[in-house]
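Per this note's numbering, the sequence shown starts with residue 16, numbered consecutively. Just so it is clear, CB atoms sit at the ideal spot from N, CA and C, and this is done for glycine as well. None of these values were measured; they are calculated from a predicted model. For reference, the structure is listed below as structure tokens.
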Amino acid sequence: MYGMVKPAGAPLELDLSKVSHFIVDWDETVTSLDTMHLLGAAAYECKPDFEPKWDYFVREFLNDYTQYSRSFQPSSSKASSQKEDNDAEVAASAVAAAASKEGISPELEEEIEFLLGLKPIEYESAKRVEDAKLFENIDPKFIQAQVGKVLFRDGWWDLIKKIHPAHGEEKDDTKEYPKIAIVSVNWSADLIRRVLDHYFPGNDIAIYSNDIDWVTGDIFPADYDSINYDVHPDHVNSATDPKISRGHVRTANDKKRIIAALKDEAKKLGKELWYFGDSSTDTLALLEADKGVVVGKKKTFDKLTKELKIPNLSFISDWNQIKLQSDESSSNL
């Protein structure tokens, strides 16, 4: 990805004739607040006496993350004679080697290595909850009850309904609309789908995410590789199928894998893929996309552009800042 960094705060023009894939993160990109806690709320509303409480799981994850962050040492700073036999380090070296050919900064190479090393942390966090059986035998009505609690960034629904009307007079069946998809490490595509269908009935937004079995409480699919915390080859080869990818979107690299596959689709159409995210988990997806846009978090944008030196990124504070070039009025949504 090359080019100038777009000034933060300026309107962002989107030419729908050139974009075939409009891909977004979910938590704190579409929504204004993280929604993972709503999954916990549903479980504890159904099982109010359940122990341990949600804050225990949050605390354990933060402890693991902090310990990893403090002990992380990029391979570039290690003695050259040290054997690199850790899966994350090997993968990071391969990514870094490819990245260096494209002129990506050493700072970004270290960040990529750090993100790849988070796989065990993300896995253990979810496995801890799965083993505790927090989500076992949860009545779906408690999930549905969380839908109205989800808050959104300004302008999201107006924009998305204009980019791809679901039905009715506004939809032109002779027109090709961009594919809209959500790529999220959230644990529940079910909750995301319920929210989308509530506010946008008839939508065909694809969801690449994970799911919880509300009967067994399982968070991981049966074929998940719990030894290497890795994705089964079948899911790599079918990355553009949301159903097959379901349950295998846990890390920044998983998101990149899906974006790369969808980008190939866009390339075959002679068009672009745009990706919108807000956090470090979106770094690799933003880097992979034809156009990466940071939403709402200036701190994230500054880190990616100033510290990691990623070019060709844009920033919008909310969805109202996107201007559709196809708009006859040429006014912001």
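Asked, Found
"At the level of alpha carbons, what is the spacing between residue 179 and residue 58?", "34 Å"
"Using CA coordinates, which residue listed in 38, 192, 340 is at the minimum distance from residue 304?", "38"
"Do residue 212 and residue 226 come within 7 Å of each other at the CB atom, strictly closer than that value?", "no"
"So, under 8 Å CB-CB, residue 75 and residue 143 are touching, yes? Tell me the CB distance rounded to an integer number of Å.", "6 Å"
"Whose C-alpha, out of 31, 310, 140, 33, is nearest the C-alpha of residue 69?", "140"
"How is residue 286 classed by DSSP in three states: helix, strand or coil?", "coil"
"Considering residue 55, what are the terminal residues of the alpha helix (DSSP H) in which it resides?", "51–61"
"Tell me the rounded alpha-carbon separation between residue 297 and residue 312.", "12 Å"
"Just to confirm the assignment, what range does the alpha helix (DSSP H) spanning residue 214 have?", "204–214"
"Tell me the rounded alpha-carbon separation between residue 218 and residue 193.", "13 Å"
"Suppose the cutoff is 8 Å on Cβ atoms and the five residues either side in sequence are ignored; what does the same chain contact list for residue 122 look like?", "322, 323, 324"
"If you drop the 5 nearest sequence neighbours on each side, which residues of the same chain put their C-beta closer than 7 Å to that of residue 337?", "27, 29, 174, 331, 348"
"Out of 287, 181, 264, point me to the one whose CA is closest to residue 33's CA.", "287"
"For residue 45, name the three-state secondary structure that DSSP assigns.", "coil"
"What are the complete alpha helix (DSSP H) segments, minimum 4 residues, inside the region 285–346?", "298–303, 313–317"
"Go ahead and pull the three-state DSSP assignment for residue 25.", "coil"
"Which residues does DSSP list as the beta-bridge partners of residue 194?", "36"
"How would you call residue 98, buried or exposed, if buried means at least 16 neighbouring beta carbons within 10 angstroms?", "The predicted model places residue 98 with a pLDDT of 42, which falls under 50 and marks its position as unreliable; any figure quoted below should be read in that light. Exposed: under 16 other Cβ atoms inside 10 Å."
"Please classify residue 222: does DSSP put it in a helix, a strand, or coil?", "strand"
"Does residue 85 pass the burial test, meaning 16 or more other C-beta atoms within 10 Å, or should it be called exposed?", "exposed"
"Can the beta-carbon of residue 271 be found less than 7 Å from the beta-carbon of residue 300?", "yes"
"Run the CB neighbour count on residue 64, radius 10 Å, all protein chains shown included, and call it buried at 16 or more, exposed below.", "exposed"
"Under 7 Å between the Cβ atoms of residue 349 and residue 52?", "The first residue shown for the chain is 16 and the last is 348, placing residue 349 beyond what the model contains."
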